[in-house]
Amino acid sequence: VEVNLEEQFEAKVAKDIRIEPKDWMPDAYRKTLIRQISQHAHSEIVGMLPEGNWITRAPSLKRKAILLAKVQDEAGHGLYLYSAAETLGASRDQMIADLHSGKAKYSSIFNYPTLSWADIGAIGWLVDGAAIMNQVPLCRTSYGPYARAMVRVCKEESFHQRQGFEIMMTLCNGAPEQKKMAQEAFNRWWWPTLMMFGPKDEESPNTEQSMRWRIKRFTNDELRQRFVDMMVPQAEFLGLTVPDKDLKWNEAKNGYDYGQIDWDEFWSVVKGNGPCNKQRIQTRVKADQEGAWVREAALAHAEKRAQRERQ
Ligand code: FAQ
Numbered sequence: 011v012e013v014n015l016e017e018q019f020e021a022k023v024a025k026d027i028r029i030e031p032k033d034w035m036p037d038a039y040r041k042t043l044i045r046q047i048s049q050h051a052h053s054e055i056v057g058m059l060p061e062g063n064w065i066t067r068a069p070s071l072k073r074k075a076i077l078l079a080k081v082q083d084e085a086g087h088g089l090y091l092y093s094a095a096e097t098l099g100a101s102r103d104q105m106i107a108d109l110h111s112g113k114a115k116y117s118s119i120f121n122y123p124t125l126s127w128a129d130i131g132a133i134g135w136l137v138d139g140a141a142i143m144n145q146v147p148l149c150r151t152s153y154g155p156y157a158r159a160m161v162r163v164c165k166e167e168s169f170h171q172r173q174g175f176e177i178m179m180t181l182c183n184g185a186p187e188q189k190k191m192a193q194e195a196f197n198r199w200w201w202p203t204l205m206m207f208g209p210k211d212e213e214s215p216n217t218e219q220s221m222r223w224r225i226k227r228f229t230n231d232e233l234r235q236r237f238v239d240m241m242v243p244q245a246e247f248l249g250l251t252v253p254d255k256d257l258k259w260n261e262a263k264n265g266y267d268y269g270q271i272d273w274d275e276f277w278s279v280v281k282g283n284g285p286c287n288k289q290r291i292q293t294r295v296k297a298d299q300e301g302a303w304v305r306e307a308a309l310a311h312a313e314k315r316a317q318r319e320r321q
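If you want it as structure tokens, here you go:
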């Protein structure tokens, strides 16, 4: 029976028929999805922190309202993604406990500090740009609830990227000091953004199987290359210099060659030793502790209402 189920599963995946929560699936497929979706959820939640740092310091009321809306969208994305992971049998309490204990991974990018307002522009433009590049193909991922969550997430990410690009435009068309701020933020975020796509294909243990299961639709290096090719003209349009002396158009491959990524830095950040890892986790743990009374009160209230209805 098992063999038959496995064959049916493979056939569905091959035909691009979505796998749904109650369908049979191999344990390893379930496990890898829980891993990827929970990491993605944690990234959205931790991803609120670098930008949250600037909400009270945004340069105008309008900028503040826009940033507040963007950060709230990220909270929403985290919640859809935790729900998608729950459909696979993962417990939300366990996922959050794993984040807080340092056991669970989340995107390396959110362990870098936001030093100036231009970093908020750079995050929207580059980090959300990379997120879209990675997530648009995930709208066609083989697991139904994840694919459907990605559709809405991508719409919101497109708005986020435009707001980031618009901040960069304003700075680049402003005073020389503003242009300088934009270039410095670009210099800080460019390389860490390239690392978001994950290790090189030959060093990515999960890619091959995830491609076979159509969880991933492109490899890490394919998406990274597309991202570089998309961003270079945008940087030129802004009048900014890509901080990579090895960047060069390659006619033969119809794309840019780019310099060496510092993989030691990447793994050091992934292992918890980036500039802000400890602070990020501490902030989440503190928020969890300080919010405990709200969860208890909500549960007590729900219980009281249920009791009243039973009477
Ligand atoms: N950081 O074998 P692979 C956002 C880990 S966007 C940390 O290649 P895989 C929106 C990887 O988990 C950011 N760890 O793994 C936003 C694996 O570890 P494991 C989130 C990384 O899964 C914008 C190991 O290295 N987006 O949040 C990273 O096939 C602005 C080996 O790697 C997603 O999560 C990294 N950068 O490919 C929010 C998208 N890269 O578990 C706020 C969905 C790799 O074996 C503000 N995820 N690792 O111990 C994916 O597409 C994939 O999971 C990849 C990694 C491509 C990230």
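Offset between the sequence shown (1-based) and our numbering: plus 10. The C-beta atom is built at its ideal place from N, Cα and C for all residues, glycine as well.
For Glu96, which residues in the same chain have their Cβ closer than 8 angstroms to its Cβ, ignoring the five residues on either side in sequence?
Working through the sequence shown from its first residue, we reach residue 96 at position 86. So the qualifying residues of the chain are Arg102.
message: According to DSSP, simplified to helix, strand and coil, what is Gly249?
response: Here residue 249 refers to the residue found at position 239 of the sequence shown. Coil, per DSSP.
Please determine whether the Cβ atom of Met206 lies at a distance below 7 angstroms from any heavy atom of the ligand FAQ. Translated into positions along the sequence shown, residue 206 becomes position 196. Yes.
- Mark Phe247 as exposed unless 16 or more other C-beta atoms lie within 10 angstroms of its C-beta, in which case mark it buried. Taking the sequence shown and counting its residues from 1, one reaches residue 247 at position 237. Sixteen is the threshold: since fewer than 16 other Cβ atoms of the shown chains lie within 10 Å of the Cβ of Phe247, the residue is exposed.
**Q.** Rounded straight-line distance, which links the Cα of Ala310 to that of Ala316
**A.** Taking the sequence shown and counting its residues from 1, the one referred to as residue 316 is at position 306. Taking the sequence shown and counting its residues from 1, the one referred to as residue 310 is at position 300. Each residue's alpha carbon lies about 10 angstroms from the other.
* **Boundaries of the beta strand (DSSP E) in which Asp267 is found, first to last residue** => Against the sequence shown, residue 267 aligns to sequence position 257. Its beta strand (DSSP E) spans residues 265-267.
Original post:
What is the DSSP secondary structure of Ile27, reduced to helix, strand or coil?
Top reply: Working through the sequence shown from its first residue, we reach residue 27 at position 17. Ile27 falls in the coil class under three-state DSSP.
| message | Given a cut-off of 8 angstroms on the beta-carbon distance, is the pair Trp200 and Val242 in contact? | response | Position 190 of the sequence shown, counting from 1, holds the residue named residue 200. Position 232 of the sequence shown, counting from 1, holds the residue named residue 242. No.
| Which residue's Cα is closest to the Cα of Arg224: Lys255, Arg150, Tyr268, Ala51? | Your numbering for residue 224 matches position 214 in the sequence shown. The candidate whose alpha carbon is nearest that of Arg224 is Arg150.
Beta strand (DSSP E) segment containing Trp277, residue limits:
One-based indexing of the sequence shown puts residue 277 at position 267. Here Trp277 belongs to no beta strand (DSSP E); instead the alpha helix (DSSP H) covers 273-278.
| So is the beta-carbon of Asp138 under 7 angstroms away from any non-hydrogen atom of the ligand FAQ? | Taking the first residue of the sequence shown as 1, we reach residue 138 at position 128. Flag set: Cβ of Asp138 near the ligand FAQ.
| message | Rounded to the nearest angstrom, what separates Glu167 and Val13 at their Cα positions? | response | Locating residue 167 in the sequence shown gives position 157, counting from the first residue. Locating residue 13 in the sequence shown gives position 3, counting from the first residue. Approximately 41 angstroms between the Cα atoms of the pair.
inquiry  = Can you tell me where the alpha helix (DSSP H) holding Lys41 begins and where it ends?
reply    = Locating residue 41 in the sequence shown gives position 31, where the first residue counts as 1. Per DSSP, the unbroken alpha helix (DSSP H) holding Lys41 starts and ends at 37-56.
Distance between Leu98 and Ile322 (C-alpha atoms, nearest Å): One cannot answer for residue 322 here, as it falls past the ends of the chain, which runs 11 to 321.
Euclidean distance between Cα positions of Glu84 and Asp256: Here residue 84 corresponds to residue number 74 of the sequence shown, with the count starting at 1. Here residue 256 corresponds to residue number 246 of the sequence shown, with the count starting at 1. A straight line joining the alpha-carbon of Glu84 with that of Asp256 spans about 34 angstroms.
Have a look at Ala128 and Met179 and give me their C-alpha separation to the nearest angstrom. As a working mapping, residue 128 is identified with position 118 in the sequence shown. As a working mapping, residue 179 is identified with position 169 in the sequence shown. One C-alpha to the other measures close to 10 angstroms.
Taking just the CA atoms, how far does Phe175 sit from Gly131? Within the sequence shown, the letter at position 121 stands for residue 131. Within the sequence shown, the letter at position 165 stands for residue 175. Straight-line Cα distance between these residues: approximately 6 angstroms.
- Query: Just to check, is the beta-carbon of Ala141 closer than 7 angstroms to a non-hydrogen atom of the ligand FAQ?
  - Reply: Stepping through the sequence shown from its first residue, residue 141 is reached at position 131. Yes - the ligand FAQ has a heavy atom lying nearer than 7 angstroms to the Cβ of Ala141.
Let me check one thing: in DSSP terms, what residues is Trp259 bridge-paired to?
Residue numbering aside, residue 259 sits at position 249 when the sequence shown is read from its first letter. Its beta-bridge partners are Tyr266.
- Own chain, CB closer than 7 angstroms to Val146, minus 5 neighbours either side, in chain order: Stepping through the sequence shown from its first residue, residue 146 is reached at position 136. Cys164, listed in sequence order.
May I ask you to check if the CB of Val280 is nearer than 7 angstroms to at least one heavy atom of the ligand FAQ? The residue labelled residue 280 in the question sits at position 270 within the sequence shown. Val280 Cβ: within cutoff of the ligand FAQ.
- request: Could you please give the first and the last residue of the uninterrupted alpha helix (DSSP H) stretch that includes Lys113?
  value: Taking the first residue of the sequence shown as position 1, residue 113 is located at position 103. Taken as a continuous stretch (DSSP letters only), Lys113 belongs to no alpha helix (DSSP H), as it is neither H nor E.
Worksheet entry | Identified DSSP bridge partners for Tyr153 | In the sequence shown, the residue the question calls residue 153 occupies position 143. Ile29.
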